[in-house]
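This report concerns only the one structure given below.
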Amino acid sequence: MLQATLAASAPADRADEDPWHVGRVRLHSRFLLGTAGYPSPAVLQGALRAARTQVVTVGLKRTLAAAGDNGYIATIRQTLRDTGARLLPNTAGCRTAREAVQLAHMARELYDTPWLKLEVVGDEHTLQPDPFELLAAASQLVRDGFTVFPYCTDDLVTCRRLLDAGCPLLMPWGAPIGSGQGLLNPFALRTLRERLPDATLIIDAGLGAPSHAAQALELGFDAVLLNSAVAHAREPVAMARAFRLAIEAGRAAWRAGVMARQDFAVASTPVSGQPFTLPDPPAGAAVLRADAP
26 MLQATLAASA PADRADEDPW HVGRVRLHSR FLLGTAGYPS PAVLQGALRA
76 ARTQVVTVGL KRTLAAAGDN GYIATIRQTL RDTGARLLPN TAGCRTAREA
126 VQLAHMAREL YDTPWLKLEV VGDEHTLQPD PFELLAAASQ LVRDGFTVFP
176 YCTDDLVTCR RLLDAGCPLL MPWGAPIGSG QGLLNPFALR TLRERLPDAT
226 LIIDAGLGAP SHAAQALELG FDAVLLNSAV AHAREPVAMA RAFRLAIEAG
276 RAAWRAGVMA RQDFAVASTP VSGQPFTLPD PPAGAAVLRA DAP
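Counting in the numbering used here, the sequence shown runs from 26 upward without gaps.
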C-alpha cells in the first residue's frame with residue numbers, strides 16, 4: 026500500500042514525461058551539444074549519441090571553411106538523420122549585427138531551418154556578447170522570420186529587451202566561452218529565473234564539469250548548451266554521458282524541490298514530541314551517568 030502511494034505521488038523521472046518547447050516544437054532532452062573541437066568525426070558521432078541530444082549546434086563559418094574537411098559535415102548530417110535531432114546553426118565569429126544577419130540568411134539557405142543561435146561578440150578577450158549589436162540583429166532576424174536563440178550575458182535588462190524583440194528564449198552565459206569555470210554569478214542567474222518565470226532559459230557557455238550543469242538545472246534553468254567540456258575531455262563519449270546524467274539529476278532535483286539555504290544550523294531531528302523519546306526519570310530515581318565507574 027505504502028509503495029503504491031509513493032509511486033503514484035512521485036514525480037516522473039523519464040525525460041519524455043517532462044518536455045519543454047521551442048515554439049511548437051516539443052523537446053525532451055535538455056542537453057544541447059556543440060560540434061566543434063572533437064578529435065575525430067567518429068568521436069563526435071559517439072558523443073552526440075551518448076548525449077541523446079535533440080539539438081546540435083554547428084558554426085556556419087566552420088561549415089563554409091570545411092569544404093575539404095575529413096568528414097565533419099557528413100558525420101553531422103548522418104547523425105541528424107539517424108537520431109532525428111535538429112540542427113541549430115550559429116553565427117560564432119560575428120562582430121556586428123550586419124555580419125550576423127548576413128550569415129543567418131546563408132545558414133537558413135544552407136540548412137533549410139529558421140532556427141538560429143545568434144552570437145555577436147563585442148570583446149575579443151572575454152568573448153562577451155555585445156548587447157547593442159545583439160539586440161539590433163535579433164530584432165531584424167525576428168522580422169525576417171527566424172527563431173532566434175540569442176547568446177547573451179546574465180544582465181536582466183538586456184534579457185528583457187531580447188524577449189520584447191520577439192526571441193522565444195534566452196541563452197545567458199554561465200562564464201566566458203570555453204573557460205570551464207561554471208556558474209560565476211549564481212545571484213544574477215537566480216534573479217533571471219525569478220524575474221522571468223515564464224521565459225525559457227538555457228545556460229550557454231562556461232560549463233566545465235557535469236556538476237556545473239546539474240547546478241544550472243537545480244536553479245530552474247530549462248536546459249544547457251555546451252561544447253568544449255565534452256570535446257576537450259580525455260574521453261568525450263564518456264563525458265557526454267556524464268553530462269546527460271547530471272542534467273537529468275539536476276532537473277529531477279528542481280522538480281522535487283531543493284531545500285532552502287539557511288545561514289545557521291537547523292536540527293534535522295527535533296527531540297520534543299517525537300516517538301521513541303525517553304521520558305524524564307521520576308524524582309529521586311537513580312540516573313546512570315556516563316562517567317560512573
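Just so it is clear, CB atoms sit at the ideal spot from N, CA and C, and this is done for glycine as well.
- request: Quickly, what does DSSP pair CYS177 with across the bridge? List them, please.
  value: For CYS177, which the question treats as bridged, DSSP gives the partners PRO197.
message: Could you tell me the alpha carbon to alpha carbon distance between LYS86 and GLN127, rounded to whole angstroms?
response: GLN127 has its alpha-carbon roughly 12 Å from the corresponding atom of LYS86.
HIS14 - partner residues in DSSP beta bridges: Nothing about residue 14 can be reported from this structure: the residues present for the chain run from 26 to 318 only.
Run of the beta strand (DSSP E) containing PHE157, from where it starts to where it stops: According to the DSSP assignment, PHE157 belongs to no beta strand (DSSP E) but to the alpha helix (DSSP H) extending over 156–168.
- request: Report all residues from its chain with a CB closer than 7 Å to the CB of ASP247; omit the five preceding and five following residues, and keep chain order.
  value: Taken in chain order, the residues that qualify are TRP45, ARG55, THR225, LEU226, ILE227.
Minimum Cβ-Cβ distance from GLY170 to chain B less than 8 Å: Checking the listed chains, one finds no chain B in this structure; it contains a single protein chain.
field: Exposed unless 16 or more other CB atoms sit within 10 angstroms - verdict on VAL173
entry: Around the beta carbon of VAL173, a 10 Å sphere encloses 16 or more other beta carbons of the protein chains shown; the residue is thus reported as buried.
Residues near LEU251 by beta carbon distance below 6 Å, same chain, minus five either side: If the five residues before and after LEU251 are omitted, its C-beta is found closer than 6 Å to the C-beta atoms of LEU232, all from its own chain and listed in chain order.
query: Cβ of LEU141 within 8 Å of Cβ of ALA129?
result: Yes, the Cβ-Cβ distance between LEU141 and ALA129 is below 8 Å.
query: Considering only residues of the same chain and omitting the five flanking positions on each side of PRO139, which have a CB-CB separation below 7 Å?
result: The residues ARG133, GLY170, PHE171, THR172, in chain order, have a CB closer than 7 Å to that of PRO139 in the same chain once the five nearest residues on each side in sequence are set aside.
query: Among GLY118, VAL255, GLU144, HIS150, which residue has its Cα nearest to the Cα of LEU160?
result: Of the listed residues, the one whose Cα sits closest to LEU160 is GLU144.
query: Would a C-beta distance cut-off of 8 Å place TYR97 and PRO66 closer than the cut-off?
result: Going by beta carbons, TYR97 and PRO66 fall inside the 8 Å limit.
- prompt: Is VAL262 helix, strand or coil by DSSP?
  reply: Note: VAL262 maps to helix in three-state DSSP.
field: PRO175 classed as buried or exposed, judged by whether at least 16 other C-beta atoms fall within 10 angstroms
entry: PRO175 is buried by the Cβ-count criterion.
Within 8 Å, strictly: CB atoms of ALA61 and GLY84: For the pair ALA61 and GLY84, the CB atoms are nearer than the 8 Å cut-off.
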